[in-house]
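Participant: Attaching a single structure in structure tokens format; questions to follow.
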Amino acid sequence: MTIAQFLVLSAAMFSIGIYGVLARRNAVLVLLSVELMLAAVNINFVAFGRHMADPIAGGQVFALFVITVAAAEVGIGLAIVLLIFRNRASANIDELDALKW
Amino acid sequence: MDLGLAQNWFFLVIGLLMVVSSLVVVTSRNVMHAALMLVAALGGSAGIFILLGAEFVAAVVVLVYIGAIIVLFLFGVMITRVGVGRSNTLDHPNSWPAAVIAIATFSVLAGSAVAFFGDEKIDRIAAVRTSDIGTSIFDRFVVPFEVVSFVLLAALIGGIVLARKDPES
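Order-wise, the sequence lines are chains A and B.
Quick note: the first sequence, position 88, residue 88 per my numbering, numbers continuous.
Quick note: the second sequence, position 158, residue 259 per my numbering, numbers continuous.
Structure below.
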């Protein structure tokens with residue numbers, strides 16, 4: 001196993017997540033794509049932690065922190081999507097133009 | 102079979118599964134299918150973690166992501182009623198700029214990784230034990246651990262406050 005194959009896999013997942021964030025209109029699907037990007041970051045953390053033979057396992061610990069922050073982000077994000085849906089009867093992010101100049 | 106060859110075959114199968122299911126997540130016309138394909142992508146990442154000798158992180162991914170976050174997503178899909186059957190309004194009308202940006206990002210990231218690391222091997226040292234991770238979290242990383250637990254508490258309270266019905270109205 002080389003380190004580059006893990007980095008290429010994670011780059012592929014990260015770019016697919018970027019495509020999803022930019023191309024999707026529905027807010028729930030945008031959050032799903034953000035989860036893909038966070039999973040790619042986790043693969044990078046663990047692969048580099050293994051590659052550097054870190055004695056304090058910093059890569060794995062930071063992957064756990066990323067998972068925790070992702071859980072918090074999904075909780076708050078879905079609550080916001082729920083509120084938007086309740087107020088506007090739509091979860092499409094391009095219809096939320098109240099802050100547009 | 103040689104262990105390294107078996108590892109590379111395992112990586113190939115898991116990696117193809119992850120890329121294909123991620124593509125379905127961002128292109129599917131059905132929100133339910135997208136959420137369920139995210140399960141396949143994250144399960145593949147758990148397999149990659151096992152391949153890298155990070156069994157504890159793999160177990161946490163299965164428990165937290167697949168067990169909790171996907172269920173939360175399914176709740177969100179059902180409450181906002183976007184997941185009932187197929188829909189053609191999930192994407193922007195023209196998505197080619199997003200595809201251009203994604204392909205450019207991939208070529209920069211993957212190209213620089215391959216150019217810098219080449220075929221540098223991951224050395225086969227003994228895998229990190231879970232007890233080492235526990236010692237590390239509560240010794241070296243105890244301050245970030247407390248901060249992240251505070252973030253979770255704030256997210257919990259914030260989620261309750263946001264999703265609660267307004268009592269005056």
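All C-beta atoms in this analysis are idealised placements derived from N, C-alpha and C, irrespective of residue type, glycine included.
#1: Return yes when the Cβ of residue 35(A) is within less than 8 Å of the Cβ of residue 202(B), no when it is not.
#2: Could you tell me which of 97(A), 79(A), 95(A) and 90(A) sits nearest to residue 262(B), measuring between CA atoms?
#3: Taking C-alpha atoms, which residue in 82(A), 69(A), 46(A) and 90(A) lies nearest to residue 255(B)?
#4: Quickly, what does DSSP pair residue 24(A) with across the bridge? List them, please.
#5: Is there a Cβ from chain A that is less than 8 Å from the Cβ of residue 104(B)?
#6: Can you round the beta-carbon distance between residue 214(B) and residue 7(A) to whole angstroms, since I take them to be within the 8 Å contact cut?
#7: Is there a Cβ from chain A that is less than 8 Å from the Cβ of residue 116(B)?
#8: Could you run through the region 19-36 of chain A and flag, in chain order, every residue whose CB is less than 9 Å away from some CB of chain D?
#9: So, for residue 158(B): in the same chain, excluding its five sequence neighbours on each side, which residues have a beta-carbon less than 7 Å away from its beta-carbon?
#10: In the structure shown, what three-state DSSP assignment does residue 2(A) receive?
#11: Chain A beta carbons: is any one of them nearer than 8 Å to that of residue 251(B)?
#12: By the criterion of Cβ-Cβ separation under 8 Å, what are the contact partners of residue 218(B) in chain A?
#13: By how many angstroms is the C-alpha of residue 20(A) removed from the C-alpha of residue 181(B)?
#14: With a threshold of 8 Å on Cβ separation, who are the neighbours of residue 174(B) within its own chain once the five nearest residues in sequence on each side are excluded?
#15: Measure how close the beta-carbons of residue 242(B) and residue 61(A) come, nearest whole angstrom, since I'm counting them as under 8 Å.
#16: Taking only beta carbons into account, state which residues of the region 75-88 of chain A come closer than 8 Å to chain B, listed in chain order.
#17: How many whole angstroms separate the CB atoms of residue 9(A) and residue 154(B), which I take to be in contact at a CB cut-off of 8 Å?
#18: Measuring only between beta-carbons, confirm whether residue 141(B) sits less than 8 Å from chain A.
#19: Under 8 Å by Cβ, that's how I've got residue 16(A) and residue 146(B) pegged, so tell me the actual separation to the nearest angstrom.
#20: To the nearest angstrom, report how far apart residue 22(A) and residue 199(B) are at their CA atoms.
#21: What residue range is occupied by the uninterrupted alpha helix (DSSP H) comprising residue 271(B)?
#22: Run through the DSSP bridge pairs and tell me what residue 222(B) is partnered with.
#23: In terms of residue numbering, what span does the alpha helix (DSSP H) encompassing residue 233(B) cover?
#24: How many Å lie between residue 12(A) and residue 25(A) at the Cα?
Facilitator: In short:
#1: Cβ distance not < 8 Å, so residue 202(B) and residue 35(A) don't count as in contact.
#2: The closest CA to that of residue 262(B), considering only 97(A), 79(A), 95(A) and 90(A), is found on 79(A).
#3: Comparing alpha-carbon positions, the option among 82(A), 69(A), 46(A) and 90(A) lying closest to residue 255(B) turns out to be 69(A).
#4: In the DSSP output, where bridge partners are listed per residue, residue 24(A) has 192(B).
#5: Residue-level contact by beta carbon fails for residue 104(B) and chain A, as no gap is shorter than 8 Å.
#6: Residue 7(A) and residue 214(B) do touch by the CB rule: their CB atoms are close to 4 Å apart, below 8 Å.
#7: Yes, residue 116(B) counts as interfacial toward chain A.
#8: In the structure shown, chain D does not exist; the protein chains are A and B.
#9: For residue 158(B), where only same-chain residues beyond five positions count, the Cβ hits under 7 Å are 150.
#10: In the structure shown, the three-state DSSP call for residue 2(A) is strand.
#11: For residue 251(B), the answer is no, since every Cβ of chain A falls outside 8 Å of its Cβ.
#12: Result: 2, 3, 4 and 7.
#13: Near 19 Å, if we compare the C-alpha coordinates of residue 20(A) and residue 181(B).
#14: Contacts found: 136 and 139.
#15: Rounded to whole angstroms, the Cβ separation of residue 242(B) and residue 61(A) is 5 Å, and the two are in contact under 8 Å.
#16: Listed in sequence order: 75, 76, 78, 79, 80, 81, 82, 83 and 85.
#17: No, residue 9(A) and residue 154(B) are not in contact; Cβ-Cβ is about 16 Å, not under 8 Å.
#18: So no, residue 141(B) is outside the interface.
#19: Between residue 146(B) and residue 16(A) the Cβ distance is about 13 Å, and since that is not below 8 Å, they are no contact.
#20: Straight across, the Cα-Cα distance linking residue 22(A) with residue 199(B) is about 5 Å.
#21: Outside the shown range of chain B (102 to 270) lies residue 271(B), about which nothing can therefore be said.
#22: Paired residue(s): 2(A).
#23: Going by DSSP, residue 233(B) is part of the alpha helix (DSSP H) stretching over 231-240.
#24: If you take the alpha carbons of residue 12(A) and residue 25(A), they lie about 22 Å apart.
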